[in-house]
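S.K.:
In this note's numbering, the protein residues as written are 3 to 526.
1. Where residue 332 and residue 256 are concerned, what is the direct C-alpha to C-alpha distance, given to the nearest angstrom?
2. Assign residue 97 to buried or exposed, taking buried as 16 or more other Cβ atoms, counted over all protein chains shown, within 10 Å of its Cβ.
3. When you compare only the Cα positions, how much space is there between residue 447 and residue 468?
4. Can you check the region 22–86 for any alpha helix (DSSP H) of at least 4 residues that lies completely inside it and give the ranges in chain order?
5. Quick one: complete alpha helix (DSSP H) runs, 4+ long, within the region 152–229?
6. For a minimum of 4 consecutive residues, which ranges assigned as the alpha helix (DSSP H) are wholly contained in the region 269–304?
7. What do you reckon, are the CB atoms on residue 118 and residue 158 nearer than 8 angstroms?
8. The alpha helix (DSSP H) spanning residue 119 covers which residue range?
9. So residue 399 and residue 423 are supposed to be a Cβ contact under 8 angstroms. How far apart are they, rounded?
10. Is DSSP giving residue 363 helix, strand or coil here?
11. Given a threshold of 16 other Cβ atoms within 10 Å of its Cβ, counted over all protein chains shown, does residue 56 qualify as buried or as exposed?
12. So what does DSSP say about residue 433, is it helix, strand or coil?
13. Looking at the unbroken beta strand (DSSP E) that takes in residue 456, where does it start and where does it end?
14. By Cβ distance below 8 angstroms, which residues in the same chain neighbour residue 411 in space, the five residues on each side in sequence not counted?
15. What are the partner residues of residue 549, as DSSP defines its beta bridges?
16. Any idea what DSSP makes of residue 473, helix, strand or coil?
17. What's the C-alpha gap between residue 276 and residue 201?
18. Could you compute how far the alpha carbon of residue 483 sits from the alpha carbon of residue 62?
19. Which word fits residue 429, buried or exposed, when buried means at least 16 other C-beta atoms lie within 10 angstroms of its C-beta?
20. Taking 8 angstroms as the cut-off, decide whether the C-beta atoms of residue 479 and residue 465 are in contact.
21. How many angstroms separate the CA atom of residue 79 from the CA atom of residue 325?
22. Where residue 506 and residue 183 are concerned, what is the direct C-alpha to C-alpha distance, given to the nearest angstrom?
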């Protein structure tokens with residue numbers, strides 16, 4: 003930004019919000035960590051990249067003895083492999099990954115929204131997104147998917163400039179960041195081009211070239227669709243048992259009001275057509291609500307709704323009755339939001355506060371925004387440290403534990419707990435992931451070097467070669483087998499060495515950073 007941008011009160015206000023949000027995230031980060039599997043999966047995959055020396059097409063750190071195809075696009079794992087390679091502590095790496103994911107997500111999306119709709123809209127944007135604390139927490143958990151969303155406004159910004167290469171490279175990076183969200187972004191980007199016909203041909207070329215550059219990984223995914231949980235034989239039943247449907251009623255109500263105002267502007271032909279991208283994203287991402295309801299209402303669906311709301315607020319003429327009413331509703335939503343939750347046919351209502359209030363007000367244990375931190379407690383960190391120091395580097399972790407603290411693991415999610423210790427101790431696990439657990443045979447118990455149990459399962463291991471080394475108050479028992487039966491890990495199939503992948507990424511990131519910076523400072 004040029005120096006005169008710092009004289010803009012909305013720019014200064016935005017910087018203050020991000021600074022305060024950053025302090026809250028890092029000082030209260032224990033509340034932002036969850037064992038839902040994302041963070042530990044990404045770290046464990048990055049560790050395998052470092053062990054094997056490059057990007058792999060096969061995961062030989064889980065679902066043993068056969069392993070499974072590595073289908074997740076590798077860009078984020080390559081970035082995480084840097085601190086792993088440098089020997090930075092694994093928990094520190096997770097915290098940096100999660101915390102910086104939140105801060106960079108807020109910062110980059112603020113730049114993009116400000117560029118498209120002005121500094122006033124950008125300031126309102128930061129105020130609204132930080133009011134929805136579950137959205138902020140999910141930013142730090144589903145980092146790859148969130149970064150795809152947060153960077154997507156720059157597709158429009160860069161497409162409007164003369165050089166076609168930057169938007170091609172950006173869209174290619176987005177495709178190599180997440181498996182699903184980039185395709186929804188592409189759908190909304192295409193609809194934006196239909197509403198901005200002067201960029202239609204250019205947008206088609208951008209999409210076509212980026213998809214061609216992504217084609218090798220896309221073919222790899224298409225060749226192994228049976229390993230995606232969405233194609234699993236029991237996916238529907240699993241959703242029915244485990245899904246929780248939570249909707250932020252306050253933000254949804256503001257969005258509906260915004261639509262009525264925008265419809266009136268559209269009839270008068272006084273609408274900024276760039277808002278069509280965000281309206282389209284609300285619609286094209288609706289199928290996610292079936293597969294991953296929370297990803298829609300906490301992420302890809304609610305985010306464009308919030309952008310539509312702040313765009314509407316920023317452009318309503320001041321001092322009119324409609325502006326006063328809408329602004330009042332907006333301020334109330336910043337302070338407190340109301341949510342409805344449906345689980346197993348039962349309805350319940352709750353409220354959430356702004357991030358600042360979340361950090362300062364005491365919350366009850368069942369508060370909707372609280373992810374349990376029991377999994378990253380001191381006992382589990384000591385267990386991981388013991389495993390790392392007292393077991394061979396190729397020791398296999400196998401878990402039969404179905405419960406930890408208040409969290410119950412269904413059969414298709416039994417891998418979640420051992421994955422925590424895989425990531426924190428740089429080991430491998432035998433537990434099968436979903437959906438291959440429906441057809442693949444796991445390891446024999448004698449091949450496991452570390453076994454995780456609930457304390458009520460200990461009697462089954464009394465007369466075995468396993469030695470009890472830990473028993474926690476959360477009900478977790480850890481046993482060690484000092485002489486496990488041999489197990490050969492499958493070949494990981496390295497397709498690109500780390501040094502080459504890092505070199506390519508450095509060149510692309512540097513080139514894109516230069517062009518994004520130019521686009522930001524040109525006219526905010």
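A virtual CB, placed ideally from N, CA and C, is assigned to each residue, including glycine.
This structure is a prediction, so every number in the text was calculated from the model and none was measured.
M.R.: On the basis of the supplied data:
1. Within the chain shown, numbered from 1, the residue matching residue 332 stands at position 330. Within the chain shown, numbered from 1, the residue matching residue 256 stands at position 254. Each residue's alpha carbon lies about 7 angstroms from the other.
2. Within the chain shown, numbered from 1, the residue matching residue 97 stands at position 95. Answer is buried; the Cβ neighbour count reaches 16.
3. Numbered from 1 along the chain shown, position 445 holds the residue referred to as residue 447. Numbered from 1 along the chain shown, position 466 holds the residue referred to as residue 468. Roughly 10 angstroms between the two C-alpha positions.
4. 40–54
5. 155–161, 167–177, 183–197, 202–224
6. 277–286, 290–293
7. To locate residue 118, count along the chain shown from 1; it is residue 116. To locate residue 158, count along the chain shown from 1; it is residue 156. In this structure, residue 158 lies closer than 8 angstroms to residue 118 by Cβ.
8. Walking along the chain shown from the start, residue 119 turns up at place 117. Taken as a continuous stretch (DSSP letters only), the alpha helix (DSSP H) holding residue 119 covers 92–119.
9. For the purposes of this step, residue 399 is identified with residue 397 of the chain shown, where counting begins at 1. For the purposes of this step, residue 423 is identified with residue 421 of the chain shown, where counting begins at 1. Confirmed, Cβ separation roughly 6 angstroms.
10. Within the chain shown, residue 363 is the residue found at index 361, counting from 1. Annotation note: pLDDT 44 at residue 363 (below 50); position unreliable, no value reported.
11. Counted from its first residue, the chain shown places residue 56 at position 54. Under this definition residue 56 is a buried residue.
12. Taking the chain shown and counting its residues from 1, one reaches residue 433 at position 431. In the structure shown, residue 433 sits in coil (DSSP, three-state: anything other than H, G, I, E or B).
13. Locating residue 456 in the chain shown gives position 454, where the first residue counts as 1. From DSSP, the beta strand (DSSP E) with residue 456 extends over 452–456.
14. Taking the chain shown and counting its residues from 1, the one referred to as residue 411 is at position 409. Answer for residue 411: 403, 404, 405, 418, 419, listed in chain order.
15. The structure shown does not extend to residue 549, since the chain spans only 3 to 526, so no value can be given for it.
16. Numbered from its first residue, the chain shown carries residue 473 at position 471. If DSSP states are grouped into helix, strand and coil, residue 473 belongs with the strands.
17. By one-based count along the chain shown, residue 276 stands at place 274. By one-based count along the chain shown, residue 201 stands at place 199. Answer to the nearest angstrom: the Cα atoms are 12 angstroms apart.
18. Walking along the chain shown from the start, residue 483 turns up at place 481. Walking along the chain shown from the start, residue 62 turns up at place 60. Rounded to whole angstroms, residue 483 to residue 62 spans 21 angstroms at the Cα level.
19. If you number the chain shown from 1, residue 429 lands on position 427. Counting Cβ neighbours within 10 Å, residue 429 comes out buried, since at least 16 surround it.
20. As a working mapping, residue 479 is identified with position 477 in the chain shown. As a working mapping, residue 465 is identified with position 463 in the chain shown. Not a contact, by the Cβ cut-off of 8 angstroms.
21. Along the chain shown, one-based indexing puts residue 79 at 77. Along the chain shown, one-based indexing puts residue 325 at 323. Distance between the alpha carbons of residue 79 and residue 325: 46 angstroms.
22. Here residue 506 is taken as the residue at index 504 of the chain shown, counted from 1. Here residue 183 is taken as the residue at index 181 of the chain shown, counted from 1. The straight-line gap from Cα to Cα measures roughly 23 angstroms.
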